[in-house]
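Numbering of the sequence shown is given in my numbering, commencing with residue 521 and proceeding in unit increments.
All C-beta atoms in this analysis are idealised placements derived from N, C-alpha and C, irrespective of residue type, glycine included.
First the structure, in the form of structure tokens, and then the observations on it.
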Amino acid sequence: MRLPSLYYFLRRLRLGFAAIVPSGERYVRVTDTMLAGLPQTRLPPSGTRGMPLHVPAAYALVVVAFILLVSLPFATDYVGPDNDDTMRLVIVRDLLSGQGWFDNMQYRLGLAGGTPMHWSRMVDLPIANLISLFGLATGQERAEALALAVWPLLLTVPLLYGAGLAGLRIGGPPAMHAALVLTAVFAVAVNRFQPGSIDHHNVQLVLVSLLAAMLLDPTHRARSYGMAGFLSGLAIAIGAETVPLIGVACLTVALRWAWIGAAFRHAATTFGLSLAATVSAAFFATVAPWRYGEITCDSLSYGFYALSTFGGGILFLTVALASDLGRRGRFAALAGAGIAVAVAVLIIAPGCLRNPLVDLDPLLKTFWLSGVMEAQSAAAQFRIDPGSLGAYYGPGLLAISVCCLRIWRREAMQAHLVLMALILCSFTISLVQIRGAVFTNLLSAIPLAFAISQLRQAAKARPGDIAVGLGFAVMTIASVPASWAVAGLVVPGPSRDRLVADLASAASIPACTSRDAMAELAAEPAGVVAASSDIGAPVLRFTAHRVLSAPYHRNQGGMLTEIHIGLSGPEQAEAFLRGAGVTLLAFCPSDGQVRTLAHAEPEGLYAQLLASDIPAYLEPVKGTTALRIFRLRPEDHTAAMRIAD
């Protein structure tokens, strides 16, 4: 049985936070003892020579060991608890079974014909390769379990490398170690690096971490900015969530060139060419030739390809032609290039300037999107659970304040300007959809690490100053998102009430999505299943059926059909079921969407089934699992039963 996600989250917070010692001298001694075992590497103070791989690797080993320690004893499945993890496994299985590389259809999802998925094959490929590799020595299921455990854990190494290198470049070895510690805590606390987490968000976090490090190169080397362009193009190819951040990264490169001039020429031109080349390569490698002309705003398509290559190309030309001009001339040239890019956006993909979810059907917004926590705005989350806001916004606000202070004092000003631009971008996105907060918290670790390292040095220099030691301790703890999460649980309110309810129900509510729960459904002849959205991906994983609904915005037709089935009265629901070719109804009484639909329409089918009022056209399949299965009787048989009644 899979425990509630909040319960899992709390287990992963137990990193053993150090207690705040009242005495500054004692706190420094405790901290020095903790840091004594960390890798000691002689590095140049400016960090211009890079960072040896063994430093982040040592931290990654500790992170991996801790993740395994807190996750394996409680593991009930080798796939992560998120629907996206399950769906990714289904897609990878289809790829390994022979589905075409350019064919992104999920034929068993939605109405007849299937649903085109918007995920990149660039994440499917390494996971599929790992499964194939482990499959040489073991069976399919064991190979999947090993691959799904190894992949997210491997990603902790580049994640920590990027954070450590960024810290090194902004504040030397002390800031490097502080950034590594903060990022290690981040990797443990979020669930994207746990075994089984195989959706694309962990890859995006890695790319953002490395991108920040490349943009902070104090010597403006062309190879660093070439790598930044490569990472930016890869991020665009993997998912649209990071496109605003990449746009800000491009803007910072362009503005730094306009300000610095010829000394930044090679860095800017290399960035522009690398970005254009990477997006071009990814486009032709993953987009089917017959879809070259399509424009979609949630995946790599002609829109992102054309704009990225045009933007990278025009940056290259502007820098190459105008670097010898004065500062005013460079800014004028850059303004002209910016106008050209803006016009191109309005001509090629004007629809991509707005949220792609804005066009969702109102029913989906009410009965699906409103229940997706990561899609909530800050205002909506405040109404739902004000105690959780600190974990989403506390570190970001603190980092923005630190950046403003550094800029005002002209301390590593250019680096803090770059970091503040990136953090402000992700922070603004998180105000609209809190899913952006994970990038804010990751990026915030860099300026906060610099501040922590300086406070630690001050506390060490003045061991008797309690105020300095306490300031160091408070800054360290306030820089950790998990600290804010714990504080939100301590305060009476919805967060703590929800935790208590989850813990109380963990042992009493059987799961509807486990293999055992799906066994009876899997035994039925392959057909079409109607089930709530959260049941959809597990149905695809454990059975051979097609399912109407799963929580993906491109499957609006199937999701709307399932919602109408639940809301409609029994007779109208039958028409929807037969119209969609449904052969089986999978009903989970404890599912949140089922209960929401039943509450919204007491006369609807879901409400009737909750009351054990089963219409004549549904034949119960006897079983003992939490998931109740109903066969849809033939129409003539149902009519005969009604006449007999």
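Own chain, CB closer than 7 Å to residue i, minus 5 neighbours either side, in chain order
i, result
"residue 751", "727, 730, 731, 734"
"residue 679", "703, 707, 725, 726, 729"
"residue 831", "770, 861"
"residue 641", "621, 806"
"residue 995", "971, 972, 975"
"residue 1061", "606, 609, 610"
"residue 828", "753, 756, 795, 796, 799"
"residue 1098", "1155"
"residue 887", "1083, 1113, 1116, 1117"
"residue 1085", "1050, 1093, 1096, 1097, 1125"
"residue 921", "none"
Start and end residues, beta strand (DSSP E) containing residue i
i, result
"residue 1050", "1048 to 1050"
"residue 1150", "1148 to 1152"
"residue 1140", "1138 to 1141"
Under the three-state DSSP convention, the category residue i falls into
i, result
"residue 1106", "strand"
"residue 571", "coil"
"residue 712", "helix"
"residue 1067", "strand"
"residue 892", "coil"
"residue 977", "helix"
"residue 817", "coil"
"residue 860", "helix"
"residue 558", "The pLDDT assigned to residue 558 is 39, lower than 50, so where the model puts this residue is not dependable, and the model offers no usable value."
"residue 644", "helix"
"residue 718", "coil"
"residue 1031", "coil"
"residue 1112", "helix"
"residue 1119", "helix"
"residue 1098", "helix"
"residue 879", "helix"
"residue 1126", "helix"
"residue 903", "helix"
"residue 982", "coil"
"residue 593", "helix"
Identity of the residues DSSP links to residue i by a beta bridge
i, result
"residue 636", "625"
Own chain residues within Cβ distance below 8 Å of residue i, not counting five before or after
i, result
"residue 923", "936, 937, 939, 940, 943, 967"
"residue 646", "671"
"residue 582", "704"
"residue 988", "544, 975, 978, 979, 982"
"residue 902", "909"
Residue span of the alpha helix (DSSP H) that contains residue i, given as start and end
i, result
"residue 924", "909 to 929"
"residue 810", "Where residue 810 is concerned, there is no enclosing alpha helix (DSSP H), given that its DSSP letter is neither H nor E."
"residue 604", "603 to 616"
"residue 945", "933 to 952"
"residue 770", "763 to 780"
"residue 989", "986 to 998"
"residue 874", "Taken as a continuous stretch (DSSP letters only), residue 874 belongs to no alpha helix (DSSP H), as it is neither H nor E."
"residue 665", "660 to 674"
"residue 822", "822 to 842"
"residue 1083", "1076 to 1087"
"residue 1059", "1053 to 1062"
"residue 1006", "1001 to 1010"
"residue 1072", "Unbroken run through residue 1072: none, as it is neither H nor E."
"residue 783", "Unbroken run through residue 783: none, as it is neither H nor E."
"residue 745", "742 to 758"
Contact belief for residue i with residue j at Cβ below 8 Å, rounded distance in angstroms
i, j, result
"residue 600", "residue 759", "17 Å between Cβ atoms; not a contact."
"residue 1152", "residue 1103", "6 Å"
"residue 792", "residue 863", "With a Cβ gap of about 18 Å, residue 792 and residue 863 do not count as contacting."
"residue 663", "residue 651", "5 Å"
"residue 673", "residue 579", "About 13 Å; that fails the 8 Å criterion."
Own chain residues within Cβ distance below 6 Å of residue i, not counting five before or after
i, result
"residue 720", "643, 758, 759"
"residue 665", "598"
"residue 819", "638"
"residue 947", "916, 960"
"residue 821", "814, 815"
"residue 1150", "1105, 1138, 1140"
"residue 857", "834, 838"
"residue 783", "none"
"residue 737", "744"
"residue 1148", "1107"
Beta carbon proximity, residue i to chain C, threshold 8 Å
i, result
"residue 685", "This model lacks chain C altogether, as it is built from one protein chain only."
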